[in-house]
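This report refers to the structure that appears directly beneath it.
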Amino acid sequence: MVKIGDIELGDFPLLLAPMEDVSDPPFRALCKEQGADVVYTEFVSSEGLIRNAAKSVMKLDIYEKERPVGIQIFGANMDSMLQTIDIVERSNPDIIDINFGCPVKKVVSKGAGAGILKDVCLMEKLTAEMVKRTNLPVTVKTRLGWDHDSIKIVEVAERLQDVGIKSIAIHGRTRAQMYKGNADWKPIADVKNNPRMYIPVFGNGDVNTPESAVEMRDTYGLDGAMIGRASIGNPWFFKQVKHYFETSEHLAPISMPERVEAARRHLQMSIDWKGEKLGVFETRRHYTNYFKGIPNFKEYRMKMVTSDDSKDVFAAFDEVLEKFGDYQFA
1 MVKIGDIELG DFPLLLAPME DVSDPPFRAL CKEQGADVVY TEFVSSEGLI RNAAKSVMKL
61 DIYEKERPVG IQIFGANMDS MLQTIDIVER SNPDIIDINF GCPVKKVVSK GAGAGILKDV
121 CLMEKLTAEM VKRTNLPVTV KTRLGWDHDS IKIVEVAERL QDVGIKSIAI HGRTRAQMYK
181 GNADWKPIAD VKNNPRMYIP VFGNGDVNTP ESAVEMRDTY GLDGAMIGRA SIGNPWFFKQ
241 VKHYFETSEH LAPISMPERV EAARRHLQMS IDWKGEKLGV FETRRHYTNY FKGIPNFKEY
301 RMKMVTSDDS KDVFAAFDEV LEKFGDYQFA
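For the sequence shown, position 36 matches number 36 in the UniProt record's numbering, and the numbering has no gaps at all.
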């Protein structure tokens with residue numbers, strides 16, 4: 001039984017990764033329905049929260065059906081991060097996660113996200129004070145290191161555990177790699193195999209097939225998998241992995257009516273949560289994967305990703321169902 005604090009997650013849980021403009025309440029709800037054991041919010045700026053920036057505050061919206069749910073925050077200023085803990089607690093999440101892994105320049109340039117990997121002592125000190133500030137379980141998501149020459153993830157994970165985090169998720173790339181090349185899970189396994197480690201160690205990066213999840217579990221011995229890009233436009237990925245765990249067989253392909261219904265619900269929930277304009281715009285990134293692999297589909301995809309009026313997008317869904325409703329996915 002894998003546990004984060006007192007939260008029981010079963011054997012080899014699957015976690016929805018925090019992804020900017022992806023892991024919002026509508027998408028989290030869909031992934032939860034399809035078997036995600038823990039879902040994380042988009043990462044929230046500590047500086048944005050303490051300044052009451054509308055976009056940052058909105059990211060704190062969580063719903064009972066999502067639980068257990070973690071709110072992920074990023075920043076590098078001690079006072080700001082501690083104030084953020086107090087603000088985040090009002091939303092009553094199950095977990096508070098610290099982002100020590102985001103590689104994008106605008107985050108790293110402020111010493112936050114993966115930028116803090118350059119200063120492990122600050123990373124440890126910041127984590128220790130945040131753990132002291134709350135009774136909620138604090139977890140960390142990070143990367144192997146800043147670059148290939150500075151990978152100290154075994155030491156880093158042990159130090160963070162020793163100041164009180166309840167689990168760690170590690171992306172198998174350095175900051176210098178961004179998302180290029182293949183994720184290296186061996187250093188994550190080294191963390192897990194450190195005899196001093198007793199908290200769950202989750203792997204992240206390139207878990208994009210049921211077989212890769214099995215490899216992470218059986219070959220590398222990790223405690224669970226954090227799923228990111230493989231779930232975009234494919235909330236069924238969690239169900240597919242769990243079916244494979246249980247049967248060693250692939251789940252039957254998701255039918256066209258199921259895909260259209262999910263896309264329809266996704267769009268409607270997004271509009272209900274963030275309004276027509278943003279709801280339509282920010283759901284577009286999912287449609288390519290919802291309808292991946294269908295021949296002669298460009299005309300319909302273009303309608304979905306260029307229409308600014310939800311009525312047009314819903315109409316495109318109806319057209320797709322009428323024209324491709326019997327399409328058999330491989």
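Glycine residues also receive a C-beta, built at the ideal position from the N, C-alpha and C atoms.
For residue 134, the secondary structure class from DSSP, reduced to helix, strand or coil, is coil. DSSP places residue 243 in the uninterrupted alpha helix (DSSP H) bounded by 237-247. By DSSP's assignment, residue 141 forms a beta bridge with 99 and 169. With a beta-carbon spacing of about 6 angstroms, residue 4 and residue 95 fall inside the 8 angstroms limit used to define contacts. By the CB criterion at 7 angstroms, residue 239 and residue 83 fall outside the cutoff.
Per DSSP, reduced to three states, the secondary structure at residue 204 is strand. For residue 226, the secondary structure class from DSSP, reduced to helix, strand or coil, is strand. Shown here for residue 329: same chain residues with a beta carbon closer than 6 angstroms to its own, the five before and five after excluded, namely 253 in chain order. Distance from the CA of residue 295 to the CA of residue 324, rounded to the nearest whole angstrom, comes to 10 angstroms. One alpha carbon belongs to residue 263, the other to residue 293, and they sit about 16 angstroms apart. Secondary structure note for residue 87: its alpha helix (DSSP H) is the uninterrupted segment 78-89. By the CB criterion at 7 angstroms, residue 169 and residue 204 fall inside the cutoff.
Contact check for residue 126 and residue 81: beta-carbon distance about 6 angstroms, within the 8 angstroms limit, so the pair qualifies. DSSP lists no beta-bridge partner residue for residue 317. In the structure shown, the three-state DSSP call for residue 180 is coil. Secondary structure of residue 59 (DSSP, three-state): coil. Apart from sequence neighbours up to five positions away, the residues of its chain that approach residue 257 with a beta-carbon distance below 7 angstroms are 321 and 325, ordered along the chain. Counting along the chain, residue 50 sits inside the alpha helix (DSSP H) bounded by residues 46-50. In this structure residue 38 touches residue 9 by the C-beta definition: roughly 7 angstroms separates them, less than 8 angstroms. The C-beta of residue 234 has 16 or more other C-beta atoms within 10 Å across all chains shown, which makes the residue buried.
Within the model, the alpha-carbon separation for residue 25 versus residue 314 is close to 20 angstroms. With a contact defined as Cβ atoms closer than 8 angstroms, residue 17 and residue 227 qualify at about 6 angstroms. Checking the DSSP bridge columns, you'll see residue 40 partnered with 70.
With a beta-carbon spacing of about 6 angstroms, residue 31 and residue 231 fall inside the 8 angstroms limit used to define contacts. Between residue 117 and residue 146, the gap from beta carbon to beta carbon is short of 7 angstroms. Here residue 75 is buried: its Cβ has 16 or more other Cβ atoms, across all protein chains shown, within 10 Å. The C-alpha of residue 128 lies about 15 angstroms from the C-alpha of residue 155. Here residue 196 is exposed: its Cβ has fewer than 16 other Cβ atoms, across all protein chains shown, within 10 Å.
For residue 209 and residue 218, the gap between their C-alpha atoms comes out near 14 angstroms.
Rounded to whole angstroms, the Cβ separation of residue 124 and residue 159 is 5 angstroms, and the two are in contact under 8 angstroms. Shown here, residue 199 sits in coil according to DSSP, grouped into three states, outside any helix or strand.
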